[in-house]
């Protein structure tokens, strides 16, 4: 099978490419390096011994996107090309809605035109909004999203659901990620965003290496055990393996919805202290005001993933911290 990974040079996309290649799939990648780096493609080959077929452009370029569908007999699409920073989305809603919605519309337009009937979409737990109860199951209602990033994900889910309804032969899988962190055990690929990170673990990593002076902890007055936000952190390799299983198991027509999380919530300070303990290094931090769009607590009930995909998160918080630091040391 030949799989198109949109955003395949990014943090999550690159790990998905590795798992697909190691499972024997052919992989085609579209990426514009807006939040990724060209050398990642070489690292993917170093890890797997295999190449991806690569195209450099933004999927907003409809003509070039159609060219990829013309040139390659694709069996499925994994769509993880999106802007993804909660805080940034609040200040840049136009950019987020334009990029995230239009790439999804163009991708589904090409899928229907070229009869590619299987898509796995990188969705997010943010579609649940500020949950009234945790853990979150797939049957929980979609909430009032608290930021444009989350709203764009909910709208992308709606687009895909409507496209599937109009094309009953399609299989649409909505994988609702919780909080991916960590890096590949090789240390070659991991999360290394450009500029000041919007996500917790790369921020910790850059403070630990001395690239940034201090970690900003946004809010210590939430209704949580230590006042900092609680999230379900999942190792990115476990997450990537979930995509391979989704391609294999969710081939029946319809809309399939599945949470990918561990079922355990950790606070921001839990992560900081675990990183310090596992790696023997101090991480300086300071408490700052809450960020717009953040919520107190969010973690998954991963039962459906186990029952339907045979997927269980295997890596521990210690693995996530150790692998992140291993990646950081190799890329200083």
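Residue numbers (the working numbering): 52 to 383. Just so it is clear, CB atoms sit at the ideal spot from N, CA and C, and this is done for glycine as well.
Legend entry - Nearest residue (CA-CA) to residue 350, options 317, 88 and 328: Your numbering for residue 350 matches position 299 in the chain shown. When only C-alpha atoms are compared, the closest one is 317.
Discussion item. Quick check on DSSP: helix, strand or coil for residue 321?
Written reply: Counting from one through the chain shown, the residue named residue 321 turns up at place 270. DSSP places residue 321 in helix when its eight states are reduced to three.
Check: residue 194 to residue 209, Cα distance in whole Å?
Finding: As a first step, residue 194 is located in the chain shown; it is residue number 143 there, counting from the start. As a first step, residue 209 is located in the chain shown; it is residue number 158 there, counting from the start. Taking the Cα positions, residue 194 is about 14 Å away from residue 209.
Please look up how many angstroms separate the CB atoms of residue 204 and residue 222, rounded, as I've assumed it's under 8 Å. What you label residue 204 is simply residue 153 of the chain shown in a count that begins at 1. What you label residue 222 is simply residue 171 of the chain shown in a count that begins at 1. Here residue 204 is actually not in contact with residue 222; their C-beta atoms are around 19 Å apart, not less than 8 Å.
message = I need the boundaries of the alpha helix (DSSP H) containing residue 116, first residue and last residue.
response = Position 65 of the chain shown, counted from the first residue, corresponds to residue 116. Its alpha helix (DSSP H) spans residues 113 to 122.
| request: Would you kindly work out how many angstroms separate the C-alpha atoms of residue 378 and residue 212, rounded to a whole number? | output: Translated into the one-based positions of the chain shown, residue 378 becomes position 327. Translated into the one-based positions of the chain shown, residue 212 becomes position 161. Residue 378 and residue 212: Cα-Cα distance of roughly 37 Å.
How far does the beta strand (DSSP E) with residue 174 in it reach, from first residue to last?
Taking the first residue of the chain shown as position 1, residue 174 is located at position 123. 169 to 175 is the span of the beta strand (DSSP E), which, as asked, contains residue 174.
Exercise for the section: Have a look at the DSSP bridge pairing and note the partners of residue 235. Expected result: On the chain shown, residue 235 is found 184 positions in, with the first residue counted as 1. Paired residue(s): none; residue 235 is not in a bridge.
- request: Please list, in chain order, all residues of the same chain as residue 131 whose beta carbon is under 6 Å from its beta carbon, the five residues on each side excluded.
  value: The sequence position of residue 131 within the chain shown is 80, counting from 1. The answer, listed in chain order, is 58, 63, 64 and 173.
Please check the pair residue 266 and residue 255, which I expect to be a contact at CB under 8 Å, by giving their CB distance rounded to whole angstroms. To locate residue 266, count along the chain shown from 1; it is residue 215. To locate residue 255, count along the chain shown from 1; it is residue 204. That pair is a contact at about 6 Å.
### Query
From residue 228 to residue 356, what does the alpha carbon distance come to, in whole angstroms?
Counted from its first residue, the chain shown places residue 228 at position 177. Counted from its first residue, the chain shown places residue 356 at position 305. Roughly 12 Å separates the two Cα atoms.
What residue ranges within the segment 263 to 343 form continuous alpha helix (DSSP H) runs of no fewer than 4 residues, ordered along the chain? 287 to 300 and 319 to 330
Review point. What's the C-alpha gap between residue 275 and residue 137?
Key: Along the chain shown, one-based indexing puts residue 275 at 224. Along the chain shown, one-based indexing puts residue 137 at 86. C-alpha separation (whole angstroms): 20 Å.
Report yes or no: do three or more beta-carbon pairs, one from the segment 304 to 316 and one from the segment 84 to 94, lie closer than 8 Å? Result no; under three Cβ-Cβ pairs closer than 8 Å.
Report buried or exposed for residue 110, applying the criterion of at least 16 other Cβ atoms within 10 angstroms of its Cβ.
-> On the chain shown, residue 110 is found 59 positions in, with the first residue counted as 1. Its Cβ being crowded by 16 or more others within 10 Å, residue 110 is buried.
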